[in-house]
Amino acid sequence: MTDNGKNANVPDQSPDPSSEAPTSPDPSGEEPTLYADTVSEYLPQDPVAAASDEASQRERFRQSPGMDVGLEDMPRTASLWGDAWRQLRRRPMFIISAILIAILVVISFFPGLFATHDPRDCNLIDSLLLPSSEHWFGTDLQGCDYYSRTLYGTRVSISIGILSVFFITIIAVVGGSVSGYYGGKVDSIIGRITDIWFVIPTILGGIVILSLVRTRGIVTVSLVLIVLGWATLLRLVRSSVLAVKANDYVEAARAMGASNTRIIMRHVLPNAIAPVIIVSAIYVGVIIAAEAALSFLGVGLQLPAISWGLMISTAQQRIITAPYLLVFPGAFLSVTVFSFILMGDALRDALDPKLR
Amino acid sequence: MSSTNDTKADMVGDVATDPTAPLLEVDNLHVEFRIEDGTVRAVNGLSYMVGRGETLAILGESGSGKSVSAQAVMGILDTPPGYVTEGSVKFRGVELFKPGKKKGTFDHAVPEVRGTRIAMVFQDALTSLNPVFTVGWQIGEMFRVHQGASRKEAKEKAIEMMERVKIPDARERVNAYPHEFSGGMRQRVMIAMSLSLNPDVLIADEPTTALDVTVQSQIMELLGELQQETGMGLILITHDLAVVAEVADRVVVMYAGRRMERGGIDDIFHRPSHPYTLGLMDSIARPDVHLDRLKPIPGSPPDLLAIPSGCPFHPRCSYAKNRCATDVPELETVDGQHASACFYWKEVQVEL
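Which chain is which? The protein sequence lines are A and B, in order. Here the numbering used here is used: position 155 in the first sequence is 155, and no number is missing along the way. Here the numbering used here is used: position 74 in the second sequence is 74, and no number is missing along the way.
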């Protein structure tokens, strides 16, 4: 308990120049704004106040109805993830990435809410206009509103990224824990298949497979990225499970009469999953970049689909005359990849129980 | 396993127990590890029994097979490479092992006894507790899994158990994580967990080795008190003679996976009848015997891949004669329960 209060109070993991700024402690109320919450992390705080705040939060958490009633599984998630959550919401790294990801997800679901024009309603007269109040990001060669197109491009990237990583993670967790926990022949078979997969470079493999496919949509590209991408994560799960399996508490659980399934679900996976979640979050960024690369190379999504990769690919021909055509989708791509990687880092800090 | 302790003394698996039989009876247990370099014979014909309320100490150096024998009894050996190749383990007369899939091996066939009838406490309580769950959750898990208790009941029972093992502020501490406890408190948590289902036998595998001396005696005291309350049989695996002297009723001295000597606590400490036991006694400071220098046992424990022929202790033994290198000494009765696996135990006793 004291650990918690102490730790949350020391922003040592995220040194930041703004802490030197001569600002007074944040007198925030019950509903801190995003800005205040982010900045207050850096500010020198009264340790006593912070500790009691932490204690009261704990108390509230303990008394929350979810703690005492509900499904068998609820308390476990509450204790593991509840603590991680308390940790996370104090971290600027997490808050920034969470907000960025939330915005990107909302845009990808409802691009129409934010777009100023129909991205497919193009007028050749408006070809290659510079950014203006009418066309915020200018227009492309076809005279389409570039801002709207960039927003619509979010959908492709986010859906391919999340869809692929979701299935990659499932494959990796199931395969990796079976392989790592049971060992023996199963492990050898899964291990050899993983080794073979491991040597196929994602982009090169993607070019080969996707060039054989005539029509390529979100599902096709995701499928190819799943097929090519699971090996790395499966290895990670396996090694993580192997490391956890060697722990005494796994043996102790067996001595206490727990079944294999229970040991995997309750003792091995919860301890092995943290690095997997971290890498998965980072992997979303990697997959999004891979999709953009494949589209850029002409084997990803096809026109008339709207994708950042395609936009960057088209923009490169006019990089001198209309550099903004490259900058805007490029910036969106970078920010998206960056947010997921940042999220991965924030999760890593929060999910390590020893850092609490 | 939905029933509670009321239904105990009757069934283990689908066999009725014999209330007159000893709690745990291990007979001629052999365990080996089949690795690439050969076969490590970790336990070679270990036998012992424990009755109600009794404390049996299994004493031996590192690598003498004492922990492995406990793992085998619990059925938590890593298989492969570990196999039980011979022997029998009976809980109240019910055989726990049956011939395994692999020829010449035996499998633990009654997993239901784990945790409910026979429980185990491990050496290092920090690594034996799952770091991502609160101790309350972990103690409560026993009740949820084995007795189908609800979340709330399990937590209450966890608090109750923590109070029983004398963890102060149990109600507060129930939500703390293992790393927030001191070594001694962690071991108490571990004991609370092991005892939560009221087992008949508790195997404590070096329960105090990772603790400092004052905490050691507190934990041993606690185990003693709990044993008095519940009447459980306690098997104490240790290399610490002081701990043995304090709590054990009977002692089995192990070397190279074999019994060297067995007997009551007084027999072992006052009339050691095996050169190895004698060596152990000489190698520690004793308040009742004045020595200028301690006498360590020369040499080192045997390589279990190549156990010396005859008596495994003969290369280190000052009493050894030619015969010791060729013939394996059987356990010979000294008097009553006291028995020694040495051809020359009479000479050992003369020296005392």
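For glycine and all other residues, C-beta sits at the position ideal for the given N, C-alpha and C. Here the structure is a predicted model, which is why all the values come from computation and not from measurement.
On the DSSP bridge list, what partners appear for residue i?
i                      : result
residue 83 of chain B  : B/32
residue 114 of chain B : B/118
residue 49 of chain B  : B/25
residue 225 of chain B : Per DSSP, none; premise fails for residue 225 of chain B.
residue 106 of chain B : B/84, B/99
residue 112 of chain A : In DSSP, residue 112 of chain A forms no bridge with anything.
residue 340 of chain B : B/261, B/332
residue 11 of chain B  : B/16
residue 91 of chain B  : B/24, B/94
residue 74 of chain B  : Note: residue 74 of chain B sits in no beta bridge, so no partner.
residue 254 of chain B : B/259
residue 237 of chain B : B/58, B/205
residue 41 of chain B  : B/32
residue 140 of chain A : The partner list for residue 140 of chain A (beta bridge, DSSP) is empty, contrary to what the question assumes.
residue 145 of chain A : A/139
Does the Cβ-Cβ distance between residue i and residue j come in under 7 Å?
i                      : j                      : result
residue 295 of chain A : residue 307 of chain A : yes
residue 17 of chain B  : residue 248 of chain B : no
residue 197 of chain B : residue 140 of chain B : no
residue 329 of chain A : residue 312 of chain A : yes
residue 250 of chain B : residue 264 of chain B : yes
residue 328 of chain B : residue 310 of chain B : yes
residue 252 of chain B : residue 258 of chain B : no
residue 253 of chain A : residue 263 of chain A : yes
residue 160 of chain A : residue 293 of chain A : no
residue 126 of chain B : residue 188 of chain B : no
residue 348 of chain B : residue 241 of chain B : no
residue 211 of chain B : residue 231 of chain B : no
residue 203 of chain B : residue 167 of chain B : no
residue 101 of chain A : residue 339 of chain A : yes
residue 237 of chain B : residue 76 of chain B  : no
residue 92 of chain B  : residue 21 of chain B  : yes
residue 344 of chain A : residue 278 of chain A : yes
residue 301 of chain B : residue 61 of chain B  : yes
residue 356 of chain B : residue 182 of chain A : Past the boundaries of the shown model lies residue 356 of chain B; chain B is included only from 1 to 352, so the question cannot be answered.
Does any heavy atom of the ligand GTP sit closer than 6 Å to the C-beta of residue i?
i                      : result
residue 278 of chain A : The ligand GTP is absent from the structure shown, which contains no ligands of any kind.
For the region 22 to 44 of chain B, which residues have a beta carbon sitting closer than 7 Å to at least one beta carbon of chain A? none
Contact between the region 41 to 61 of chain B and the region 119 to 126 of chain B (3+ Cβ pairs under 8 Å): no
Quick one: complete beta strand (DSSP E) runs, 3+ long, within the region 266 to 294 of chain A? none
If contact is defined by three or more beta carbon pairs under 8 Å, each pair taking one atom from either stretch, is the region 25 to 42 of chain B in contact with the region 82 to 91 of chain B? yes
For the region 100 to 116 of chain B, list every residue whose C-beta sits within 9 Å of some C-beta in chain A, in sequence order. 111, 112, 113, 114, 115, 116
Positions along the region 232 to 252 of chain A whose CB lies within less than 9 Å of some CB in chain B: 247, 248, 249, 250, 251, 252
Touch check for the region 130 to 140 of chain A and the region 297 to 307 of chain A: three-plus C-beta pairs under 8 Å? no
Any 3 or more C-beta pairs closer than 8 Å across the region 156 to 164 of chain B and the region 197 to 211 of chain B: no
Every unbroken beta strand (DSSP E) within the region 207 to 246 of chain A, with a cutoff of 3 residues, ordered by chain: none
The region 59 to 87 of chain B: which residues have C-beta closer than 7 Å to a C-beta of chain A, in chain order? 74, 76
At a CB distance below 8 Å, what residues from the region 319 to 334 of chain A approach chain B? Give them in sequence order. none
Any C-beta of chain B within less than 7 Å: which residues of the region 267 to 281 of chain A qualify? 267, 270, 271
Does the region 164 to 177 of chain B come close enough to the region 130 to 137 of chain B to have 3 or more Cβ pairs within less than 8 Å? yes
Examine the Cβ distances between the region 230 to 241 of chain A and the region 261 to 274 of chain A and report whether three or more of them are shorter than 8 Å. yes
Interfacial residues, the region 208 to 225 of chain B to chain A, with Cβ spacing under 8 Å: none
Can you find at least 3 beta carbon pairs, one from the region 194 to 214 of chain A and one from the region 150 to 167 of chain A, that sit closer than 8 Å? no
Quick check for students: name the residue ranges of the beta strand (DSSP E) that lie wholly in the region 148 to 224 of chain B, counting only runs of 3 or more. 201 to 205
The region 124 to 145 of chain B: which residues have C-beta closer than 8 Å to a C-beta of chain A, in chain order? 124, 127, 128, 129, 130, 131, 132, 133, 134, 137, 141, 142, 144, 145
By the 7 Å beta-carbon criterion, what residues does the region 182 to 206 of chain A contribute toward chain B? none
Does the region 281 to 290 of chain A come within contact of the region 160 to 169 of chain A, defined as at least 3 CB pairs closer than 8 Å? yes
Along the region 175 to 193 of chain B, what residues have a CB closer than 8 Å to any CB found in chain A? 175, 176, 177, 179, 180, 190, 193
Let me know the alpha helix (DSSP H) ranges lying completely inside the region 296 to 326 of chain B, each 4 residues or longer, listed in chain order. 322 to 326
What residues in the region 284 to 317 of chain A bring their beta carbon closer than 8 Å to a beta carbon of chain B? none
Per the contact definition of three or more C-beta pairs closer than 8 Å, is the region 190 to 198 of chain A in contact with the region 166 to 180 of chain A? yes
Is it the case that the region 34 to 42 of chain B contacts the region 216 to 225 of chain B, given that we only count it when at least three CB pairs across the two stretches are under 8 Å? no
With a cut-off of 8 Å, do at least 3 Cβ pairs link the region 110 to 120 of chain A to the region 79 to 94 of chain A? no
What are the uninterrupted segments assigned as alpha helix (DSSP H) that are 4 or more residues long and contained completely in the region 158 to 203 of chain A, given in chain order? 184 to 198
Just by C-beta distance, which residues in the region 252 to 266 of chain A are closer than 9 Å to chain B? 252, 253, 254, 255, 256, 257, 258, 259, 262, 266
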